[in-house]
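Here the structure is laid out as structure tokens; the discussion comes afterwards.
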Amino acid sequence: MSVTNQALEEFLSRSPLQVGPELLGARLSRQSEDGLVTVRLTEVEAYCGQQDPGSHAFRGPTRRTEPMFGPPGRLYVYFSYGMHWCTNLVAHEPGVAGALLLRAGEVVEGHELVLARRRKEVWNEKIASGPANLAQALGLDGASTGLDLASAGMHLELPAHAEEYLASGRVGVSGAGGDPVAYPWRYYLPHRSVSAYRPGKNVPNLNR
DNA sequence: GGCCTGATGGCCT
DNA sequence: GGCCATCAGGCCA
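With this note's numbering applied, the first sequence covers 10 to 217.
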């Protein structure tokens, strides 16, 4: 479903818990100098504000996390494990931080460019599986954090109808925020591109 | 200034 | 399933 910028802004000006499931199946494209890539989002995770112990926004804004506190519709891209970039789409109600971590997608356009960016010879359904791989497929890095979608050359097309989805605890989130009972905020479609679940350290409720 | 940790991914067994 | 590279951010002194 194609929507106006204003409609998209309203769509994203809600809790990440509402936005997350509705983002599944959306087509996200990015036009850059080297070409166009479009993915169909198959896996996202919701991160809220200062009430969410798993969120980078938990301890309040910092230079890095400032975009999560800014207007919905911008990107929050952060560097992880010394070698990976991960992309979030900022979404929240007024006055609270929040974002959706884009964890996996099905590439529907720009296969050759994705192969080149991922430095692969052979196509694989999981080529954009996992947040760092998805960011790389879209050609995103820290240069894009804080930009709105248009400024990053991106366009989001929402799905025409809601898709049947699954939920689980968030991948690799340690401590209370990784609790799958309290924070079942990973949303995904039944699709081969979805990444493997991995619990964080010291997560409660794992054995329930 | 120093120390610890991580919203990971790829390679090895 | 296990291991670990690699470095920025965040916290504490």
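We put the beta carbon where it would ideally sit given N, CA and C, even for glycine. This structure is a prediction, so every number in the text was calculated from the model and none was measured.
For the alpha helix (DSSP H) containing residue i, list its first residue and its last residue.
| i | result |
| --- | --- |
| G29 | P25 to L32 |
| A16 | N14 to L21 |
According to the neighbour-count rule (16 or more other Cβ atoms, all chains shown, within 10 Å of its Cβ), is residue i buried or exposed?
| i | result |
| --- | --- |
| Q145 | buried |
| H170 | exposed |
| M10 | exposed |
| R217 | Note that R217 scores 49 on pLDDT, short of 50, meaning its location in the model is unreliable; the coordinates nonetheless yield the value given after this. Exposed, since its Cβ has fewer than 16 Cβ neighbours within 10 Å. |
| A205 | exposed |
| T13 | exposed |
| Y196 | buried |
| L43 | Here residue 43 turns out to be Asp, not Leu, going by the sequence shown. D43 comes out exposed. |
| P76 | buried |
| Y56 | buried |
| P103 | exposed |
| R128 | exposed |
| M92 | exposed |
| G29 | buried |
For residue i, list the residues DSSP reports as bridge partners.
| i | result |
| --- | --- |
| A161 | Answer is none; A161 lacks a bridge partner. |
| L175 | Y197 |
| L3 | What the structure shows of the chain is the stretch from 10 to 217, and residue 3 is not part of that stretch, so it cannot be assessed. |
Rounded to whole angstroms, how far is the Cβ of residue i from the Cβ of residue j, which I believe are closer than 8 Å?
| i | j | result |
| --- | --- | --- |
| E54 | R179 | 5 Å |
| R112 | L143 | 7 Å |
| L109 | P208 | About 20 Å separates the two Cβ atoms, so there is no contact after all. |
| V86 | S153 | 5 Å |
| S38 | L32 | Not confirmed; about 14 Å, so no contact. |
| N211 | G184 | 5 Å |
Could you pull out every unbroken beta strand (DSSP E) segment of at least 3 residues lying fully inside the region 39-89, listed in chain order? 44-56 and 84-89
Contiguous alpha helix (DSSP H) assignments of at least 4 residues, all confined to the region 90-151: Whole alpha helix (DSSP H) segments, 4+ residues: 120-126 and 140-147.
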